[in-house]
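> Okay, handing you the structure first.
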Amino acid sequence: MARTILGYIAGWYVCSIALSLYNKWMFDPERGLSVPYPILVTMMQQWILWGISWVYLKSKGIEQVVEQSRQQRWKFYLKFIIPAALATAGDIGLANVSFKFITLTIYTIVKSSSIAFVLLFGCLFRTEMFHWRLACIVAVMFAGVAMMVYRPRSDGGGPADEHIVLGVMLVLGSSMLSGLRWVYTQLVLRKVDANVDPSVGEKKKKSPVETIHQLTPVMGLALLVTTLAVEKPFPAVFHSPLLQIEDHTSALSLVRGFFLLLTPGVLVFLLVVCEFGILQHAQVLTLSVAGVCKEVITILASMLVLRETLSGFQNWLGMGVILLDVCYYNFYRFSQKKGASQESSDDASEVLLQEFELESNKQIPELQKV
65 MARTILGYIA GWYVCSIALS LYNKWMFDPE RGLSVPYPIL VTMMQQWILW
115 GISWVYLKSK GIEQVVEQSR QQRWKFYLKF IIPAALATAG DIGLANVSFK
165 FITLTIYTIV KSSSIAFVLL FGCLFRTEMF HWRLACIVAV MFAGVAMMVY
215 RPRSDGGGPA DEHIVLGVML VLGSSMLSGL RWVYTQLVLR KVDANVDPSV
265 GEKKKKSPVE TIHQLTPVMG LALLVTTLAV EKPFPAVFHS PLLQIEDHTS
315 ALSLVRGFFL LLTPGVLVFL LVVCEFGILQ HAQVLTLSVA GVCKEVITIL
365 ASMLVLRETL SGFQNWLGMG VILLDVCYYN FYRFSQKKGA SQESSDDASE
415 VLLQEFELES NKQIPELQKV
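Residue numbers for the sequence shown follow this note's numbering, beginning at 65 and rising by one.
Right, dumping it as structure tokens:
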């Protein structure tokens, strides 16, 4: 059992960190491939991810179950799947665009503010009971973000500083959509659970792969409309680094471009499987602790592999404040849930979503109860 858990955690770490480094490399205009169309690339990745999930479901013989569920629950699909997919598409799109302006280190830390938005929207829509400790967690989280962005006046302002501020704003927008989607999900699931017979509900619970299969088509369409309106990638994309090698288009460059798009889709799929495997074989606290460690390792990897640095003491302090705040949040949640008479699956679903929010590709969260 211990080896199985360690295997899943190792797979989770490898997929997550590799995905973070890969996305930063693909969109970084200075040290990376400098692909100028992050929304277009994200859109194509969603369709590839949908194809992978379709192959998986078909190989497991559960495709027909998905079709029956879709036909019987159109209202639920319209009220839940489409809004969640649109929010996820905006979340992923903003996150990937931010890689053009900020380092992976800053992105990883600022993306942790998703927790703060979950708490803010949760209190606003009454899915979360207000507590002064939650208010402190949110305040400390945003204080840490401010320290990560802060630049002393003596350093002088410039385009680089403006890019950092823009990148952080994009990540905060991504985090806000993450929190809004999470709270909306809880509101919908509460209504669904109240109307579902427990004996029937157990049979209809979906795996993360089924959720991916439902969300990605809507996300792909939403991102397609966005990239056509904002990036206007055609026909210039055919002359971009994505599909060219040394400014030349060839069969080899097209094949390379396909694998450049396929790689993150495979990593996301494997990451979902590993994370779900951890929840099946270990306690939720294991995932929480492993998630914090993963953030630290991601930051170290970005410094070692991408040669990223933090510019001053206040940035290091901000990073420490945010990481400690995340640790305290997990401890507070664990202490709170430990004394509550709630199914462990609810905890698993919550932590699973929150950990997904820290991933670079904005991985598709498990929106059904595990």
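Even glycine gets a Cβ: it sits at the ideal position worked out from N, Cα and C.
Which stretch, first to last residue, makes up the alpha helix (DSSP H) that contains residue 94?
Residue numbering aside, residue 94 sits at position 30 when the sequence shown is read from its first letter. Run containing residue 94: none; DSSP gives neither H nor E here.
> Of the residues 337, 387, 306, which one's Cα is nearest the Cα of residue 89?
Position 25 of the sequence shown, counted from the first residue, corresponds to residue 89. Checked all of 337, 387, 306; the closest Cα to residue 89 is 306.
> What does DSSP give as the partner residues of residue 309 in its beta bridges?
Residue numbering aside, residue 309 sits at position 245 when the sequence shown is read from its first letter. Beta-bridge pairing links residue 309 to 312.
> Quick test of the definition: if touching needs 3 or more C-beta pairs under 8 angstroms, does the segment 363-370 touch the segment 186-202?
Taking 8 angstroms as the limit for Cβ pairs, the verdict is that the segment 186-202 does not touch the segment 363-370.
> Quick check: what's the CA-CA separation for residue 73 versus residue 391?
Position 9 of the sequence shown holds residue 73. Position 327 of the sequence shown holds residue 391. Cα to Cα, residue 73 sits roughly 18 angstroms from residue 391.
> Can you check whether the CB of residue 362 is closer than 7 angstroms to the CB of residue 81?
Along the sequence shown, read from residue 1 onward, the residue named residue 81 stands at position 17. Along the sequence shown, read from residue 1 onward, the residue named residue 362 stands at position 298. It is a contact, given that the beta carbons lie within the stated cut-off.
> Below 8 angstroms on the Cβ atoms is my contact criterion, and I expect residue 294 with residue 103 to pass it. Report the Cβ-Cβ distance as a whole number of Å.
Working through the sequence shown from its first residue, we reach residue 294 at position 230. Working through the sequence shown from its first residue, we reach residue 103 at position 39. Sure, about 6 angstroms apart at Cβ, within 8 angstroms.
> Use the C-beta contact count for residue 200: other C-beta atoms within 10 angstroms, 16 or more gives buried, fewer gives exposed.
Position 136 of the sequence shown holds residue 200. Exposed, because fewer than 16 other Cβ atoms sit within 10 Å of the Cβ of residue 200.
> My output table needs one value for residue 370: the three-state DSSP class, helix, strand or coil.
Reading the sequence shown from its first residue, position 306 is the one you call residue 370. Here residue 370 sits in coil by DSSP.
> Between which residues of its own chain and residue 406 is the CB-CB distance below 6 angstroms, once the five residues before and five after are set aside?
Here residue 406 refers to the residue found at position 342 when the sequence shown is read from its first residue. Because residue 406 carries a pLDDT of 48, less than 50, the predicted location of this residue cannot be relied on, and the following value inherits that uncertainty. So the list is empty, once near-sequence residues are dropped.
> Find out if the Cβ-Cβ distance for the pair residue 108, residue 382 is shorter than 7 angstroms.
Taking the first residue of the sequence shown as position 1, residue 108 is located at position 44. Taking the first residue of the sequence shown as position 1, residue 382 is located at position 318. Not closer than 7 angstroms, so no.
> Count the other C-beta atoms from every protein chain shown that fall within 10 angstroms of the C-beta of residue 125, then say buried if there are 16 or more, exposed otherwise.
Translated into positions along the sequence shown, residue 125 becomes position 61. Under this definition residue 125 is an exposed residue.
> Using only the alpha-carbon positions, how far apart do residue 233 and residue 359 sit?
Start at 1 with the first residue of the sequence shown, and residue 233 comes out as number 169. Start at 1 with the first residue of the sequence shown, and residue 359 comes out as number 295. Using only the alpha carbons, I get a separation of about 20 angstroms.
> How many Å lie between residue 388 and residue 315 at the Cα?
Along the sequence shown, read from residue 1 onward, the residue named residue 388 stands at position 324. Along the sequence shown, read from residue 1 onward, the residue named residue 315 stands at position 251. If I take the Cα positions, the gap works out to 49 angstroms.
> Taking the beta carbon of residue 139 as the centre, do at least 16 other beta carbons fall within 10 Å, making it buried, or is it exposed?
Residue 139 sits at position 75 when you count from the first residue of the sequence shown. Residue 139 is exposed by the Cβ-count criterion.
> By the 10 Å Cβ neighbour count, where 16 or more other Cβ atoms means buried, how is residue 413 classified, buried or exposed?
Position 349 of the sequence shown, counting from 1, holds the residue named residue 413. No answer about residue 413 holds up, because its pLDDT of 46 lies below 50 and its placement is not dependable.
> Rounded to the nearest angstrom, how far is the Cβ of residue 237 from that of residue 158, given a contact under 8 angstroms?
Here residue 237 corresponds to residue number 173 of the sequence shown, with the count starting at 1. Here residue 158 corresponds to residue number 94 of the sequence shown, with the count starting at 1. That pair is a contact at about 5 angstroms.
> In terms of alpha-carbon separation, which member of 173, 196, 244 lies closest to residue 231?
Translated into positions along the sequence shown, residue 231 becomes position 167. Considering only alpha carbons, the answer is 173.
> Touching or not, the segment 242-250 and the segment 142-152, by the rule of three or more beta carbon pairs under 8 angstroms?
As far as the Cβ criterion goes, the segment 242-250 touches the segment 142-152, which means the pair count is three or higher.
> Verify whether the separation of the beta carbon atoms of residue 244 and residue 185 is less than 7 angstroms.
As a working mapping, residue 244 is identified with position 180 in the sequence shown. As a working mapping, residue 185 is identified with position 121 in the sequence shown. The answer is yes: Cβ separation under 7 angstroms.
> Let's test the definition: count the other Cβ atoms within 10 Å of the Cβ of residue 196 and tell me whether it reaches 16, buried, or not, exposed.
Position 132 of the sequence shown, counted from the first residue, corresponds to residue 196. Under this definition residue 196 is an exposed residue.
> What does the Cβ neighbour count give for residue 344, buried or exposed, with the cut at 16 atoms within 10 Å?
On the sequence shown, position 280 is the one that residue 344 refers to. Answer is exposed; the Cβ neighbour count stays below 16.
> Tell me whether residue 125 sits in a helix, a strand or coil according to DSSP, three-state version.
On the sequence shown, position 61 is the one that residue 125 refers to. Correct three-state label for residue 125: coil.
> Leaving out the 5 sequence neighbours to the left and right, which residues in its chain are closer than 6 angstroms to residue 161 when beta-carbon positions are compared?
Stepping through the sequence shown from its first residue, residue 161 is reached at position 97. Counting only Cβ-Cβ distances below 6 angstroms, and skipping sequence neighbours, we find 102, 234.
> Could you say which of 171, 177, 112, 145 lies nearest to residue 228 if we only look at CA atoms?
Locating residue 228 in the sequence shown gives position 164, counting from the first residue. Per the Cα distances, 171.
> Out of curiosity, what's the CA-to-CA distance linking residue 92 and residue 100?
Within the sequence shown, residue 92 is the residue found at index 28, counting from 1. Within the sequence shown, residue 100 is the residue found at index 36, counting from 1. Taking the straight line from one Cα to the other gives about 9 angstroms.
> Thinking C-alpha only, which one of 226, 119, 187 is nearest residue 202?
Taking the first residue of the sequence shown as 1, we reach residue 202 at position 138. The shortest C-alpha separation from residue 202 is found at 187.
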